[in-house]
DNA sequence: CATAAACGAAACTGGGCGTATCGTTTCCAT
DNA sequence: ATGGAAACGATACGCCCAGTTTCGTTTATG
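Protein chains in written order, with my numbering: chain A, -9 to 227; chain B, -9 to 227.
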């Protein structure tokens, strides 16, 4: 999807759509994986315009109403395409929702920069993301995607690959730099630390028992950082 | 449901079911709220047996297949009742799922005991619960309930009242005792601390990017505790 | 010009939630 | 003992929606 988004940023309207072999797993393959990306195809070319219209319609409807309250007919109508056209690009409603939400989600890239301190690194990474997901009902849609993932392992893998792992990787890198600086113990359990960083925010986002605002994010990151740095005199085994 | 479960522990099969005014919000009221619980009712009495059979069937099917793969027809068939009977007790599929899962979830009560240390209190509280929810696919069903909650505020409130708040309250009490002992700062942000305790576990449970086993629970609690205790020389504001 | 592939409109299939109908059962009131 | 009320079961029903199919049209290439 990132590749497609880049393409559409420069392609004129209704440029023939060619889906490269490395397109996201959720988009239906159009040509065999070994087909050169620029090979001419017989027949009517796919429509970029339709594809973008569908994603835009889907993301808008999803963030306004939630996954369960949006039908494929509604998306088709809003996009100005037929439902059959949607199913030419995406195999299921959930795969469309994944792509559509990701196109919004990915607009806020994790900042990958070394501020010199772990706290600086984490705040610059987490704060923009937390603002994004709390600015609109991301929690509601993410919850419904997570629910859909429970019944479909392949979908779950793709969801984690897109929504979970990239940001964990950015924070993982920051933790590793901190260990190199001696800011945290070299034997820090990195994956547990990542859960301590992201878990509280996701917890509030999904359960809705509290708000995710700047203050909460700051306090949660600070508390998590205290935990990750450890205290002099380790806790008993 | 707790009240009903207590009743059925002693009631013979098919004792007339009387739903008291304080029954869970998900069970359809049978009599006006001000009706004495033991007042005789005209007509055929409700069947405890059917009610329990429905809950047992629903919880078994939910934990084996997940909410979306279980139909109300399937629950009715497994319980040996008609679908209309289910809808006499519960207004929606989700409300049945909530009660059914809660009947299993509530079988493991949070241990409310003072071990003398915050770590002891938290481990005795969290470990049995973590074992419960990781022993069967609770995560999958909880994810689907959370998804359902996004579209129904009343359902969300009931979900949190049953699944979220009681355990937070137990941990909150433990944190307050720890503050009284001087084990954690008196000005600890309790609600943030609770998110630090529960967030990482729920994060793995719902996202499925890592396992929730005894080791992870121990490490996550220890890291969270370090964070809650704080370090000498507080983090910058 | 023939052919291929996408597109649109609309009909279609099948599943499932939730409701309605009607006969039967199980109770209470008289 | 009888009438009446309410639950129950079996089954049909209405409606919605995901996903598919059909067929004519459009847009491309060979």
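All C-beta atoms, glycine included, are put in the ideal place defined by N, C-alpha and C.
Handout entry: Proximal chain B residues relative to residue 58(A), where beta-carbon distance stays under 7 angstroms
Key = Result: 141.
Handout entry: Alpha-carbon spacing of residue 60(A) relative to residue 61(B), whole angstroms
Key = When rounded, the distance between both Cα atoms is 21 angstroms.
Handout entry: Other residues of its chain near residue 103(A): CB distance less than 8 angstroms, five sequence neighbours each side excluded
Key = For residue 103(A), where only same-chain residues beyond five positions count, the Cβ hits under 8 angstroms are 111, 114.
Exercise for the section: Note down, in chain order, all residues in the stretch 180 to 210 of chain A with a beta-carbon under 8 angstroms from any beta-carbon belonging to chain B. Expected result: Flagged, chain order: 181, 182, 183, 185, 186, 188, 189, 190, 191, 192, 193, 194, 196, 197, 198, 199, 200, 206, 209, 210.
Handout entry: Cut-off 8 angstroms between Cβ atoms - residues of its own chain near residue 50(A), not counting five sequence neighbours on either side
Key = Within the same chain, and ignoring the five residues on either side of residue 50(A) in sequence, the residues whose Cβ sits closer than 8 angstroms to its Cβ are 68.
Practice task
Put residue 158(A) into one of helix, strand or coil per three-state DSSP.
Solution key: Reduced to three states, the DSSP call for residue 158(A) is helix.
Handout entry: First through last residue of the alpha helix (DSSP H) which encompasses residue 122(A)
Key = Residue 122(A) -> alpha helix (DSSP H) spans 108 to 125.
Problem - Minimum Cβ-Cβ distance from residue 217(B) to chain A less than 9 angstroms - result: Yes, its Cβ sits closer than 9 angstroms to a Cβ of chain A.
Exercise for the section: For chain A, find out if any of its Cβ atoms is closer than 9 angstroms to the Cβ of residue 136(B); answer yes or no. Expected result: Chain A contact via Cβ: present.
Problem - residue 17(B) at chain A interface by Cβ criterion, 9 angstroms - result: Residue 17(B) does not count as touching chain A.
Problem - Within 7 angstroms of chain A by C-beta, residues of the stretch 149 to 176 of chain B in sequence order - result: Going along the stretch 149 to 176 of chain B in chain order, one finds 150, 154 with a Cβ nearer than 7 angstroms to chain A.
Handout entry: Assigned secondary structure, residue 37(A) (DSSP; H/G/I helix, E/B strand, else coil)
Key = Residue state for residue 37(A) is assigned as strand, using DSSP reduced to three classes.
Handout entry: Residue range of the unbroken alpha helix (DSSP H) whose run includes residue 89(A)
Key = Counting along the chain, the unbroken alpha helix (DSSP H) around residue 89(A) starts and ends at 83 to 95.
Problem - chain B contact for residue 220(A) (CB, 9 angstroms cutoff) - result: Output row for residue 220(A): interface = yes.
Practice task
Compare the C-beta of residue 70(B) with all C-beta atoms of chain A and state if any pair is closer than 9 angstroms.
Solution key: So no, residue 70(B) is outside the interface.
Exercise for the section: Using a Cβ-Cβ cut-off of less than 7 angstroms, list which residues of the stretch 100 to 131 of chain A approach chain B; keep chain order. Expected result: Within the stretch 100 to 131 of chain A, the residues whose Cβ lies closer than 7 angstroms to any Cβ of chain B are, in chain order, 109, 130.
Handout entry: Alpha-carbon spacing of residue 70(A) relative to residue 78(A), whole angstroms
Key = Near 15 angstroms, if we compare the C-alpha coordinates of residue 78(A) and residue 70(A).
Problem - Contact set between residue 133(B) and chain A, taken where Cβ atoms lie within less than 8 angstroms - result: Under the 8 angstroms cutoff, chain A gives 133, 136, 137, 139, 140.
Exercise for the section: Starting from residue 62(B), find everything on chain A with Cβ-Cβ shorter than 7 angstroms and list it in chain order. Expected result: Residues of chain A whose Cβ lies closer than 7 angstroms to the Cβ of residue 62(B) do not exist; the shortest such Cβ separation is about 17 angstroms.
Problem - the stretch 143 to 158 of chain B in contact with the stretch 154 to 162 of chain A per 3-pair CB rule at 8 angstroms - result: Using a C-beta cut-off of 8 angstroms, the stretch 143 to 158 of chain B makes no contact with the stretch 154 to 162 of chain A, since fewer than three inter-stretch Cβ pairs fall below that distance.
Exercise for the section: Select from 93(A), 81(A), 30(A) the residue whose C-alpha is nearest the C-alpha of residue 43(A). Expected result: 93(A) is the residue among 93(A), 81(A), 30(A) whose C-alpha sits nearest the C-alpha of residue 43(A).
Practice task
Just tell me which of 169(A), 219(A), 170(A), 138(A) has its CA closest to the CA of residue 196(B).
Solution key: Distances from the CA of residue 196(B) to each of 169(A), 219(A), 170(A), 138(A) were compared; the closest alpha carbon is that of 138(A).
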